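Worksheet: the structure to be examined is printed underneath.
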Amino acid sequence: MALVRPENQQQARLVRLLRDGPRSRVELGDLLGLSRTTLTTELDQLVARGLVETAGPAASRGGRRSSLLRLSAGVRFASVVIAADRITVAVTDGELNVLAETGEPAEVRSGPEAVIGRAVELVGKLRAESGVAELTGVGVALPGPVDNGTSIAPAVLPGWQRFPVRDAFATELGCPALVDNDANVLALGEQHAGIGRTFEDFLYLKLGTAIGCGLVLGGSLYRGATSSAGDIAHLPLDEDGPTCVCGEIGCLEAYCGDAGLVKAALAAARSGRSTALAARNTAAGTLTVPDVAAAAIAGDPAAQTLVRDTARRLGQVLVGLVSFFNPGIVVIGGAPDGLGHILLAEVRGVVYRRSAPVATGTMPIVLSDLADRAAVVGGARLASDHVFTVD
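So the sequence shown is residues 1 to 391, counted in UniProt numbering.
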């Protein structure tokens, strides 16, 4: 469908409510406090403009039966998740249900033209397979800081510095494009489809190749003055620590990112402190995060110590974040397979022991149960947040 956006704040609130699923006219009026006349006027305009359609009769509440309304079947969003070593793309409906998804290995260091070009091809493939003629919008997640649709992290993304990612996708796909860092996109996905739905204030801690934090405050994603809020990867932990990819010393990511964990594991293998890791290193010539996870799960003491040390440092950073932001919940995503609950136990121990009870007394720390779905849903949510606002 050609791009149509709400004309006023009441229409914007209506379509955002319908993004969560079909609702009756009565329910919409009750939720927004609109008179029957005003509600009918705004909904009729949205139906006439192709954003909303009827979906049959609603369940009876006594009296005249109300009708259900939903977002138009023509509303379709694309989601593009660019990771350090993979591209994932999806197409969703207006309620952000994933209709089709695909992905493949890709090296982000090959540069923006190659990566974006391939992502556009994958989106085109999904559109053809699922019969999507036009896109309403596309949301893109990048593994590094983003400002106004432009990548601003040359150390993390060589060749991407100041590349107009948003404009490139908008031009190639012919629809509005929104770009944000992956931690923020994950937080949006958690807010829409995960446990974050029930909290106005929460932190999403993203683990993996890069470390990041998405902040949802008062029900809205908080980006900060220059879109760098939550960029915790390079918080200094130790002036005598390992060198980070950013060039500084002792950053959180240098310890707790995938590369930092593998580096520490190689040192344990070569020093003889871990026979399990040494055997895996000898067999493959290198180590990976899954190798560390497997050794820790199998009971290797050195591997278990590496995992606990990683979790302890993450917990130390969370102590400060929790005390400052006072979230209702902390959600952790991206933990290596099999290590989530080991990491979680250690993180909880540090945070609950060192934070003020007033901040953590009722605050859960949990693992996300959305897995990879958080990112693709979050990308679509990013696009829909833009489209479902007043132009």
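From the three backbone atoms N, C-alpha and C, an ideal C-beta is built for every residue, glycine too. Since this is a predicted model, take the numbers as computed values, not measurements.
Own chain partners of residue i with C-beta closer than 7 Å, once the 5 adjacent residues on each side are dropped
i: G379; result: S79, V80, V81, G139, V140, A141 and V185
i: A128; result: none
i: A335; result: L207, L343 and L367
i: L261; result: V289, V292, L306 and T310
i: R13; result: L32
i: V132; result: R76 and V91
C-alpha distance - residue i paired with residue j, whole-angstrom precision
i: V75; j: V245; result: 41 Å
i: L318; j: T37; result: 49 Å
i: A276; j: A295; result: 6 Å
i: A293; j: P364; result: 25 Å
i: A311; j: V289; result: 14 Å
i: residue 470; j: V108; result: Examination of residue 470 is not possible in this model, given that the chain is present from 1 through 391 alone.
i: G159; j: T40; result: 52 Å
i: V52; j: P6; result: 11 Å
i: A114; j: V120; result: 10 Å
i: E190; j: G196; result: 5 Å
i: N281; j: R308; result: 21 Å
i: L382; j: L215; result: 14 Å
i: T360; j: V377; result: 29 Å
i: T92; j: A106; result: 22 Å
i: I87; j: A375; result: 11 Å
i: G56; j: V15; result: 18 Å
i: G328; j: G194; result: 14 Å
i: R103; j: R373; result: Correcting the residue type first, residue 103 is Gly in the shown sequence and not Arg. Taking the straight line from one Cα to the other gives about 12 Å.
i: P176; j: L370; result: 26 Å
i: A283; j: V165; result: 41 Å
i: Y255; j: R313; result: 8 Å
i: I332; j: V26; result: 38 Å
i: F163; j: S220; result: 27 Å
i: L96; j: A345; result: 32 Å
i: A265; j: Q316; result: 21 Å
i: E101; j: G117; result: 17 Å
i: L68; j: K125; result: 33 Å
i: L17; j: H192; result: 12 Å
Residues near residue i by beta carbon distance below 6 Å, same chain, minus five either side
i: A153; result: G144 and P145
i: V330; result: L203 and I365
i: V123; result: A78 and V89
i: Y222; result: L215 and A229
i: residue 470; result: As displayed, the chain neither begins before 1 nor continues past 391, which places residue 470 out of reach and without an answer.
Counted within 10 angstroms of its Cβ, other Cβ atoms place residue i as buried (16 or more) or exposed
i: G42; result: It is Glu, not Gly, that sits at residue 42 in the sequence shown. With 16 or more other Cβ atoms within 10 Å, it is buried.
i: V358; result: exposed
i: S110; result: exposed
i: residue 399; result: Outside the displayed span of the chain (1 to 391) sits residue 399, for which this structure offers no information.
i: A155; result: exposed
i: R348; result: buried
i: L31; result: exposed
i: G230; result: buried
i: G338; result: exposed
i: R70; result: buried
i: F388; result: buried
i: R19; result: buried
i: D180; result: buried
Sequence-distant residues of its chain with Cβ nearer than 8 Å to residue i (five each side left out)
i: S72; result: M1, G50, L51, V52, E53 and G94
i: G218; result: E200 and D201
i: N8; result: E42 and V390
i: L34; result: Q10, L28 and E42
i: A210; result: A84, P143, G144, V156, D182, A233, E253 and G257
i: Q161; result: S151, I152, A153 and P154
i: L173; result: A78, V120, V123, L135 and V138
i: V322; result: L203, V330, V351, S355, A359, T360 and M363
i: I249; result: P236, D238, E239, D240, G241, P242 and T243
i: Q45; result: E7 and Q11
i: L287; result: V262, A265, L266, A269, L277, R280 and N281
i: C251; result: A233, H234, L235, P236, L237, G241 and C244
As an exercise, report each continuous beta strand (DSSP E) stretch of at least 3 residues that is fully enclosed by the stretch 324-373, in chain order.
The beta strand (DSSP E) runs of length 3 or more contained entirely in the stretch 324-373 are, from start to end of the chain, 329-333 and 365-367.
For the 8 Å Cβ check, are there 3 or more pairs between the stretch 265-275 and the stretch 300-310?
The stretch 265-275 vs the stretch 300-310: in contact.
For a minimum of 4 consecutive residues, which ranges assigned as the alpha helix (DSSP H) are wholly contained in the stretch 26-51?
As far as the stretch 26-51 is concerned, its whole alpha helix (DSSP H) runs of at least 4 residues are 36-48.
Can you give, in chain order, each stretch of the alpha helix (DSSP H) that sits fully within the stretch 285-310 and has at least 4 residues?
If one requires a minimum length of 4 residues, the alpha helix (DSSP H) runs lying completely within the stretch 285-310 are 289-297, in chain order.
Taking the runs of the beta strand (DSSP E) that are 3 residues or longer, which of them lie wholly in the stretch 199-226?
Within the stretch 199-226, the complete beta strand (DSSP E) runs of at least 3 residues are 202-206, 212-217 and 220-222.
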